[in-house]
Amino acid sequence: MSSQDGDGTRSVRAGLPEPEAYEPMLPGPVFAAHFHLPGEPTGPYTYGRDENPTWTHLERAIGELEAPPSENGGQAAHTVVFASGMAAVSAVLLSQAKAGDTVVLPDDGYQALPLVREQLEAYGVQVRTAPTAGEAQMAHLPGARLLWIESPSNPGLDVCDIRLLADAAHEAGALVAVDNSLATPLGQRPLDLGADFSVASGTKGLTGHGDILLGYVTCRDAELAARVRRWRKVVGAIPGPMEAWLAHRSLATLQLRADRQGATALALATALRAHPAVRDLRYPGLPDDPSYPTASRQMRRFGCVVSFTLPDRGFAEKFLDGLRLVDDATSFGGLRSTAERRGRWGGDAVPEGFIRLSVGAEDADDLIADVLRSLDATVG
Ligand SMILES: *Cc1c(COP(=O)(O)O)cnc(C)c1O
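Numbering-wise, the sequence shown is residues 1 to 380 according to UniProt numbering.
In structure tokens form, the structure reads like this:
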């Protein structure tokens, strides 16, 4: 997957306004709590919690990547940006599900989902859970209002057939949302696979520099989008104009980063697999990975996260401590490689020695040498 698929061109031009003489290509952040507003408040820009021109540019950009209009009969998708990924996740779940509804969540997804579950249940929403692998959520669809998919799942990197689940969910009368944080829109387009919502944390690979928090929701249906936008206005979980502008600026390099980081992730996974201290290595782009058959059908890039298990907690901590080019830090998708012992948070059902490693944009040879050196030093 490289320069042939239009993603590079789309990434650098996404959301740019029509050229205007003596104006910048990407207009700077608009810092305004309120706008000049004579007479009737018909918009588009009235009050800063409702709309902001910097969001508008970013929302167009993300929409063009999640659902390229040229490949969709010219119909643009609607995107709503939020202050964080969790703001976007909550916006979809809490604006769509009401007391008495049933929601199906993954039980191996992002670590804050159990908190969301508690909140949904406190509002009288029934929650069912099942693992991502093997489309296990399928059995829980009858009577559901909304199916939440996270594929690849974080941190286990299992993958499910989004098209298959979305068709079954729609048959059962349920809406479908896919968490696209790990894949980014260049790795996977959930709306093309039948989902009603593509939801993501833009904090991760989308913006890729580890310096801002952001979230977004993209959907094709104007009414669904309007409910999400109304939720943002009610809750006020809005991104700052500076963050929105930085995010847009970062999108220009998305294809470069996704290709580079994905290629290095595959090379690192291949090198690590052969190491005697490494067990249960997972990367959806490895041809013999359990996720590969489905991932290779529905994903366009496999992401930058590799996971594996080391013998125990002490081994894992010593390994992380010995790395020079990989920071011990949470999150993923950044230009600088990071890794962590996921079990330190509690919450994820992972072994004590489980490592989630996010591959950055360092030279592959340097990174692989550093990781193998630290592993060998830990073995002693
Ligand atoms: C990080 C993450 C989130 C939450 O995003 P924030 O920007 O941290 O609020 C949601 N889903 C997945 C899969 C994530 O990795």
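For every residue, glycine included, the Cβ atom is placed at its ideal position computed from N, Cα and C.
Alpha carbon to alpha carbon, how far is A369 from Q96? Give it in angstroms, no decimals.
Within the model, the alpha-carbon separation for Q96 versus A369 is close to 48 angstroms.
Residues around ligand 1, please: the ones whose beta-carbon is closer than 6 angstroms to some heavy atom of it, in chain order.
The answer, residue by residue, is S84, G85, M86, V89, Y110, E150, N154, D179, S181, L182, S201, T203, K204, L213 and G215.
What does the alpha-carbon distance come out to for the pair A87 and V80?
Using only the alpha carbons, I get a separation of about 11 angstroms.
Report the residue ranges of all alpha helix (DSSP H) runs contained in full by the region 303 to 367; include only those spanning at least 4 residues, in chain order.
DSSP runs (the alpha helix (DSSP H)) wholly in the region 303 to 367: 313 to 322.
Nearest-angstrom Cβ-Cβ length linking S307 and R282, presumed shorter than 8 angstroms
The pair is a contact, with the Cβ atoms about 5 angstroms apart (cut-off 8 angstroms).
Since L254 is in the alpha helix (DSSP H), which residue starts that stretch and which ends it?
Unbroken alpha helix (DSSP H) run through L254: L254 to R273.
Is the separation between the beta-carbon of V159 and that of A177 shorter than 7 angstroms?
Not a contact, by the Cβ cut-off of 7 angstroms.
Within the chosen definition, does the region 234 to 246 reach the region 185 to 194 through at least 3 CB pairs nearer than 8 angstroms?
Contact fails: fewer than three Cβ-Cβ distances are below 8 angstroms.
Run the CB neighbour count on R10, radius 10 Å, all protein chains shown included, and call it buried at 16 or more, exposed below.
Buried, since its Cβ has 16 or more Cβ neighbours within 10 Å.
Which residue's Cα is closest to the Cα of P76: H34, A225 and P152?
Here the sequence assigns Ala to residue 76, which means Pro is not the residue at that position. Nearest of H34, A225 and P152 to A76, Cα basis: A225.
Any beta carbon of chain D sitting closer than 7 angstroms to that of L323?
Chain labels in this structure do not include chain D; a single protein chain is all it has.
I'd like the list of long-range same chain contacts for H275, defined as Cβ closer than 8 angstroms, with 5 residues on each side in sequence excluded.
Excluding residues within five positions, the ones whose Cβ falls inside 8 angstroms are L372 and L375.
Do T218 and G63 count as a contact pair if the criterion is CB distance below 7 angstroms?
Yes, these two residues count as a Cβ contact at 7 angstroms.
Around the Cβ of E18, are there at least 16 other Cβ atoms within 10 angstroms (buried) or fewer (exposed)?
With fewer than 16 Cβ atoms within 10 Å of its Cβ, E18 is classed as exposed.
Let me confirm a value: E171 is counted as buried when at least 16 other C-beta atoms fall within 10 Å, else exposed. Which label applies?
In this structure E171 is exposed. Its beta-carbon is surrounded by fewer than 16 other beta-carbon atoms within 10 angstroms.
Cα-Cα separation, M1 to P131
At M1 the pLDDT is 46, less than 50, meaning the model places this residue with poor confidence; the figure from the coordinates comes in the next sentence. C-alpha of M1 to C-alpha of P131: approximately 29 angstroms in a straight line.
Let me know the beta strand (DSSP E) ranges lying completely inside the region 58 to 142, each 3 residues or longer, listed in chain order.
Scanning the region 58 to 142 from its first residue to its last, the whole beta strand (DSSP E) runs of 3-plus residues come out as 78 to 82, 102 to 106 and 126 to 130.
What do you reckon, are the CB atoms on S250 and T207 nearer than 7 angstroms?
Taking 7 angstroms as the Cβ cut-off, S250 and T207 qualify as a contacting pair.
Excluding the 5 residues flanking P106 on each side, which residues of the same chain have their C-beta closer than 8 angstroms to its C-beta?
The answer, listed in chain order, is L113, T129, A130, P131, T132, Q137, W148, I149, E150 and S153.
Please determine whether the Cβ atom of L254 lies at a distance below 6 angstroms from any heavy atom of ligand 2.
Absence of ligand 2 from the depicted structure is noted, with ligand 1 being the only ligands included.
Could you tell me if P155 is buried or exposed, where buried requires 16 or more neighbouring beta carbons within 10 angstroms of its beta carbon?
P155 comes out buried.
Outcome for M25 when other beta-carbon atoms lying within 10 angstroms are tallied against a minimum of 16:
By the neighbour-count definition (other C-beta atoms within 10 Å, threshold 16), M25 is an exposed residue.
Residue environment, T203, which counts as buried when at least 16 other CB atoms sit within 10 Å:
Counting other Cβ atoms within 10 Å of its Cβ, T203 reaches 16 or more and is therefore classed as buried.
Can you tell me which of the three DSSP states V235 falls into?
V235: helix per DSSP, three-state reduction.
Inter-residue Cα distance where the pair is R189 and Q111
So the alpha carbons of these two residues sit roughly 23 angstroms apart.
May I ask you to report which of helix, strand or coil DSSP gives E51?
When DSSP states are grouped into helix, strand and coil, E51 belongs to the coil group.
Which listed residue (T253, Q298 and T309) has its alpha carbon closest to that of L272:
When T253, Q298 and T309 are compared, the shortest CA-CA separation from L272 is found for T309.
Just to confirm, are S84 and L213 a CB contact at a threshold of 7 angstroms?
With a cutoff of 7 angstroms on beta-carbon distance, S84 and L213 are scored as near each other.
Give me whichever residues DSSP pairs with H34 in a beta bridge.
For H34, which the question treats as bridged, DSSP gives the partners Y47.
Going by DSSP in three states, R279 sits in which element: helix, strand or coil?
Note: R279 maps to strand in three-state DSSP.
Residues bridged to I162 [DSSP beta-bridge criterion]:
Residue pairing by DSSP leaves I162 without any beta bridge partner.
So, with DSSP's three-state summary, where would you put Y292?
Assignment of Y292 by DSSP, reduced to helix, strand and coil, places it in the helix class.
Per DSSP, what kind of secondary structure is S153 in: helix, strand or coil?
Three-state result, S153: coil.
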